Every structure is written in structure tokens, then in C-alpha cells.
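Those protein sequences? They're chains A and B, same order as listed.
If you count the first sequence from 1, position 47 lands on 47 in UniProt numbering, and the numbers rise without skipping.
If you count the second sequence from 1, position 93 lands on 93 in UniProt numbering, and the numbers rise without skipping.
Step one of this worksheet: look at the structure below.
2 protein chains.
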Amino acid sequence: MSQEGAGVDLKTSLGYLLKEASSALRAAMEAVLRPLGMTVTHYSCLELLAQRPGLSNSELARGAFVTRQSMNVLLQALERDGYVTRPAEAPVGKVLPTRLTPRGRHSLEQATVAVRSVELRMLAGLTESEQSDALRILRSMVRSLRDANDGG
Amino acid sequence: MSQEGAGVDLKTSLGYLLKEASSALRAAMEAVLRPLGMTVTHYSCLELLAQRPGLSNSELARGAFVTRQSMNVLLQALERDGYVTRPAEAPVGKVLPTRLTPRGRHSLEQATVAVRSVELRMLAGLTESEQSDALRILRSMVRSLRDANDGG
DNA sequence: TGACTCATGTCAGTAGTCTGACATAGCTTG
DNA sequence: CAAGCTATGTCAGACTACTGACATGAGTCA
């Protein structure tokens, strides 16, 4: 391991550290979701539907940070396996409101317990004030990045 | 857009916000790297090699947060296209030290400018003190997650 | 009404990453 | 020395997510 050689300025780059933290979080979530046969996007989709029943495919995609095409593939699988339902025809426009089935809700319950334990572990070393600092700082970073990405 | 309906507790979840920030950063980086024909992992690999010449495939993989198999595929392409070089035989053990070629260095220079502008944009709304807070907090989160992931 | 713009759902093909597996080199331990 | 453990490089197959493209429905405006 020649990694302890010299902490170059990668370790002081907030972008690099953000990627490292996100990667660690994703790995931890995958580790606890795998025994349940779920991926992170799979779980995100169910969690979004539990908190906001009737979300459309595109809205779910934005909420899970994937394209609507990717979410569409996932939704078709979830629908086929009986975790969610969508009306055959759109009540209005082309938007198909999606809802959890009892089976989906049950599956989500197990996943939520697992994911919550990961989040608690992640927050273990932080004070309340540090947690709210982190929320505020991350929101600012998202806003700055999104402004220039969407608008130009 | 029914998204402004109610900020449920997803918006207060540090894990969710971390994913959102990371997703926004990744999208912004992809947007500026695409015109250069580079992916984020591609750039990460070159940047790591510039800062630490002679890193092995496995070390690059850890530094770019992908598996060594994925990095191996990338390195073979980079080597084929003349961005990096690796000795045909390992000087010691099986480890193949990788180095940038002049072409690789030149390619990295353009990418670095683009990526630095993204990072500056991301930090635009933050004070110096907030930036160092963010570094400290993210490091703590990484440590907490990694301890339980590697060691258990 | 008709043209234009935007968002949505969906199909198809591509690219990046992952898991699984194997052989090999170095280190440790009995 | 032999056995076992760990780390590495590599190949192959599978999966996930992405880009590109198309048709359709809603809203805007002349």
C-alpha cells in the first residue's frame, strides 16, 4: 500500500471528498440491500412512492436521480413482479400515476430498517449542529451546480 | 410538476442530499468532459497518475472508486490510445506501475481546466469556514461508513 | 383553429460498471 | 520447507444506466 505516501491535494478537494462519501454511502447501502434482492434505485423508487403516492415515471426518475428511461425499465419490472401498480390508461395526459401494492409496502418496510441503520451509522460521529451545517452546505452546492447546468 | 407539494423528510435526510449533491456534481463534470471525449472515471485516472506517477491498476481503482476490473478495462483503452504506458512485465510481483505519456499529460491539462471551473462553481456560495466544515464533516461520514463496511 | 413548444411514456442500441472466476506473486506461520 | 492467506492482474458474462429517437398529450399564442 503506497497510499499513505503523501496526502496530495486530492484530499483537500471538496469534489473528490464528496465523491468518496457518496461512494461509501452507496456501497454501504448496496451491502444491506443485496440480501433483500434490491438495488439502491429500486429502494429509492419504493421510498418515494411511500412518501408521495401517485408519482409519475418522470417524477420518480428525478427523485431517484436517474433518467426517465432507466426508471421506466425499473417500473416495468416492479409492476410485473407486483410491487407497484399503474393504470392501463392515463387519467389525464400521458402521465401514469404509480402506487405501491401491499407487497411493495411490505418489501419497503424491510429495506427501510436496513437503510436507516446505514444512515445512523453515517451520522454517528456528528453533532446535531454539524448535521444541520451539512444540510445547509450540501443544499448550497446543489443549487450552485444546478443553476449553471439547467440554465446554461 | 407536483414536486413543490410538500417537502417530506427526504429533504432533511443527509443521505438523500448527499446523493443529490453527488449526482449534480457528476452531471456537471460529465457535461464539461463530454466535449473532450472523456468520462469522469477517465479523468480521475489521469489526475491520479499526474499526482502520483507509477500507481498500479488496483490503486487507481481505489482512488477512482471503481472496481479493479473496471479500471483494468479503462487502462487497456488508455494504453491502446497512447495516454498511459505500462511495462510489459512487472518489476516486482504482479504490480504494473502506470505512467502518463506526454499525450496523456496534454489531455489532462484541458480536462483539469474544465473540472476546476465546475468545482469553483460548486464552492461559489460557501465561505472558507463552511468549506473546511464540509471537509471535516464528509471525512467523518466516510470514516464511519468505511469502518463498518470493511471491518464487518 | 392551427402552429409551436414542452413534457411525458416508451422502444432500441450502446457504454460503463459490476460480479464471478482463475492463475500467480509475496508474505506469514507452523 | 510447505501450507495458507492476501493482493494483484486479467478474462468473461450480466446488469444497470445512458443516449438517441419517436409518437402523443397539454399548454401557449397568433
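Glycine included, every Cβ here is placed at the ideal spot set by N, Cα and C.
Owing to the predicted nature of the structure, the values given are computational and were not obtained by experimental measurement.
{"query": "Proximity test, Cβ basis, 8 Å: Gly7(B) and chain A", "result": "The pLDDT assigned to Gly7(B) is 39, lower than 50, so where the model puts this residue is not dependable; a value taken from the coordinates is nonetheless given after this. It does not: the Cβ of Gly7(B) has no partner Cβ on chain A nearer than 8 Å."}
{"query": "As assigned by DSSP and simplified to three states, the class of Leu96(A)", "result": "coil"}
{"query": "Cβ-based neighbour list, Val95(B), same chain, cut-off 6 Å, excluding 5 preceding and 5 following", "result": "Ser56"}
{"query": "Within chain A, partners of residue 172(B) - CB distance below 9 Å", "result": "What is shown of chain B runs 1 to 152, which leaves residue 172(B) out entirely."}
{"query": "Cβ neighbour criterion (16 or more within 10 Å) applied to Lys11(A)", "result": "exposed"}
{"query": "Cutoff 8 Å: Ala61(A) Cβ touching any chain B Cβ", "result": "no"}
{"query": "Range of the contiguous alpha helix (DSSP H) that encloses Gly15(B)", "result": "14-33"}
{"query": "Alpha-carbon spacing of Val84(B) relative to Met141(B), whole angstroms", "result": "34 Å"}
{"query": "Beta-carbon spacing of Thr98(B), Leu60(B) below 8 Å", "result": "yes"}
{"query": "Beta-carbon spacing of Arg26(A), Ala24(B) below 8 Å", "result": "no"}
{"query": "Nearest-angstrom Cβ-Cβ length linking Ser107(A) and Leu46(A), presumed shorter than 8 Å", "result": "7 Å"}
{"query": "Neighbourhood of Gln110(A) by C-beta, 8 Å cutoff - its chain only, sequence neighbours within 5 removed", "result": "Leu36"}
{"query": "Span separating the alpha-carbon of Arg116(A) from that of Leu135(A)", "result": "17 Å"}
{"query": "Closest residue to Ser70(B) among Val92(B), Ala90(B), Val40(B) (Cα-Cα distance)", "result": "Val40(B)"}
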